[in-house]
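One structure below.
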Ligand code: GLC
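Numbering (the numbering used here), first residue to last: 763 to 1303.
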């Protein structure tokens, strides 16, 4: 493992659900040892850092984001020792691992909440946000609009209302109580001491409430995160904080602080616009959001992604854009979920490998550290009929056996069934078959990631829109020292030519690294012709 402190600025992240990746003991549930046994594969693919969503004790009513014990492992996933062994195995390969940490709320099954509701004057009485009347913070929006209609719920035991930004079984912690922060800090220390390389900080905009505001991104929230960073910096320097704030760029920038808050933050608004540009065959929405993204403080980085374990969120688009996205990508009502779409990458583009490659080539060339989602590397499908967001969390398809190589147990005992939609079953989509086929999506992605690893410009370089004259063709340059990489993407289903400004590059000197294009000269200006949904990464003078 390198000791570079800026490793995260050029790392490729991979989000993997322990529960559905690999089952080592045949009980039908994925586990730490199963994940450990797949590290060779992830290393081969080109993953630098794993991101594990919550694997702690939990009733699993929100995919583990309903934590019942911050310093334990859900027994069906394994033990603390298994987790320690996983971390050691990850590090042994020169890779890293970050884990989710849910500071905003706990499960209602957490002993703190149980103590809080039964003993209001006891030590945990003030750990949550209790009120006699549900009349405060009414300007705060509701996030899970499919499920809840108020951020207040009445607790029969305590005879009071408690505040929750997510499900009613996820009471928000009360950070006005200094003991809450101390407990959270100790839980963070527990995992830091075990060797994790950092945290994805879940749902941070909502840590602090203040009446008369929308209760998002408040100064007190930033003050808390700065204290987390100060602790990490002092006790475990080099470990990272990745901020989950589903907000506009100008609201997210403060989460980097002056380099004293989070090192990374997801860029939510750019995600739906990659799909929108493709649907509209027009780059404008992407050009605009990138132009509207302020520069980053030194030593920080965006996290970019195409899909994750949640719905494809459409919170960061206009209402008209949301309707367009729903019409295009969620033609069946069941495909909608909250303000988003409960589908995986491959089904969103009709399983079309060319468009899956185009989106990945784009993701890997835009500013930011890419965060891949397990299964997307083979174009795995989804099951929109499963509850909530579970349809994108189905077992990893390793081979064409009845349990898809995920588990030897009876598939009817799996947390979720293996995808059974035509074209996406395990006999069509699986790792083994794609490993055997050098022309597969999996091999393409592996090769593309290895090319990117050599191109620091794609990770760290300045970003320039080369402003080709064709709205369907997005051409950008990334410059880092002497290295200049040009990346071009054709969002149109038909072949397209773009003419760039004179001097943008010398068409005689082009060396294509990934994808393909034809080059020419139009009255002294370079031109580029890309096939239907074609793309290219190239170096040129
Ligand atoms: C984050 C997670 C999501 C979870 C929510 C509440 O947004 O990504 O899966 O449901 O927080 O914890």
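We put the beta carbon where it would ideally sit given N, CA and C, even for glycine.
In this text, all values refer to a predicted model and were calculated from it rather than measured experimentally.
Any non-hydrogen atom of the ligand GLC closer than 7 angstroms to residue 965 Cβ: Under cutoff, so the answer is yes.
Check whether residue 1106 and residue 1154 have beta carbons under 8 angstroms apart: Yes, the pair counts as a contact, with Cβ atoms nearer than the cut-off.
Cβ-heavy atom distance, residue 1102 to the ligand GLC, below 7 angstroms: Outside the cutoff, so no.
C-beta atoms of residue 969 and residue 986 nearer than 8 angstroms: Less than 8 angstroms separates the beta-carbon of residue 969 from that of residue 986.
Euclidean distance between Cα positions of residue 1251 and residue 917: Rounded to whole angstroms, residue 1251 to residue 917 spans 54 angstroms at the Cα level.
Of the listed residues 825, 833, 1297 and 1287, nearest to residue 955 (C-alpha basis): Comparing C-alpha distances from residue 955 to each of 825, 833, 1297 and 1287 shows the shortest one belongs to 833.
Residue environment, residue 764, which counts as buried when at least 16 other CB atoms sit within 10 Å: Because residue 764 carries a pLDDT of 49, less than 50, the predicted location of this residue cannot be relied on, and no value is offered for it.
Terminal residues of the alpha helix (DSSP H) in which residue 1034 lies: Secondary structure note for residue 1034: its alpha helix (DSSP H) is the uninterrupted segment 1032–1042.
Residue 929 beta carbon less than 8 angstroms from that of residue 823: In this structure, residue 929 lies closer than 8 angstroms to residue 823 by Cβ.
Close beta carbons around residue 1110, own chain, < 6 angstroms, minus the five adjacent residues each side: The beta carbon of residue 1110 sits closer than 6 angstroms to the beta carbons of 1091 from its chain, once the five residues preceding and following it are set aside; these are given in chain order.
Per-residue burial, residue 981 [other beta carbons within 10 Å of its own, 16 or more giving buried]: Classification for residue 981: exposed.
Exposure label - residue 974; buried when at least 16 CB within 10 Å: It is exposed - the Cβ of residue 974 has fewer than 16 other Cβ atoms within 10 Å.
Element boundaries [alpha helix (DSSP H), containing residue 1179]: First-last for residue 1179: undefined, no H or E at that position.
For residue 915, the three-state DSSP class (helix, strand or coil): Assignment of residue 915 by DSSP, reduced to helix, strand and coil, places it in the strand class.
Closest by C-alpha distance to residue 1257, when choosing among 1233, 1275 and 799: Among 1233, 1275 and 799, the Cα nearest to that of residue 1257 belongs to 1233.
Beta-bridge pairing of residue 1005 - partner residues as DSSP gives them: The secondary-structure analysis by DSSP pairs residue 1005 across a beta bridge with 963 and 1027.
Near the ligand GLC: residue 938 beta-carbon under 7 angstroms from a heavy atom: Result no, Cβ not under 7 angstroms from the ligand GLC.
C-beta atoms of residue 1238 and residue 1225 nearer than 8 angstroms: Contact: yes.
Beta-carbon proximity check, residue 1048 vs residue 772, cutoff 8 angstroms: Cβ atoms of residue 1048 and residue 772: not closer than 8 angstroms.
As assigned by DSSP and simplified to three states, the class of residue 1259: Here residue 1259 sits in strand by DSSP.
Where the beta strand (DSSP E) containing residue 835 begins and where it ends: Under the DSSP assignment, residue 835 falls outside any beta strand (DSSP E); it carries neither an H nor an E label.
Beta bridge counterpart(s) of residue 775 as assigned by DSSP: BP columns for residue 775 point to 811 and 1133.
Residue 1196 classed as buried or exposed, judged by whether at least 16 other C-beta atoms fall within 10 angstroms: Residue 1196 should be labelled buried.
Option in 812, 808 and 789 with minimal Cα separation from residue 797: Looking at the Cα atoms, 812 is the closest of the given residues.
Cβ shell of residue 1181 (< 6 angstroms), same chain only, five flanking positions each side left out: Correct list, in chain order: 1143, 1145 and 1156.
Rounded C-alpha distance that separates residue 952 from residue 1095: Take the alpha-carbon of residue 952 and the one of residue 1095: they are about 44 angstroms apart.
Residue ranges of each beta strand (DSSP E) within the region 1218–1275, 3 or longer: Residue ranges of uninterrupted beta strand (DSSP E) with 3 or more members, entirely inside the region 1218–1275 and ordered along the chain, are 1224–1227, 1235–1242, 1245–1252 and 1258–1261.
Opposing strand residues paired with residue 819 [DSSP bridges]: 831.
Residue 827: CB within 7 angstroms of a non-hydrogen atom of the ligand GLC: The answer is yes for residue 827.
Residue 846 to residue 861 span [Cα, whole Å]: Rounded to whole angstroms, the gap between the alpha carbons of residue 846 and residue 861 is 13 angstroms.
Backbone secondary structure at residue 1148 - three-state DSSP: Looking at residue 1148 - three-state DSSP - the assignment turns out to be coil, as it is neither helix nor strand.
Contact under 8 angstroms by Cβ, residue 1127 with residue 1299: Contact: yes.
Neighbour-count burial assignment, residue 989, 16 or more Cβ in a 10 Å radius: Residue 989 comes out exposed.
Cβ neighbour criterion (16 or more within 10 Å) applied to residue 1159: It is buried - the Cβ of residue 1159 has at least 16 other Cβ atoms within 10 Å.
Where residue 934 sits in the DSSP three-state scheme: Residue 934: strand per DSSP, three-state reduction.
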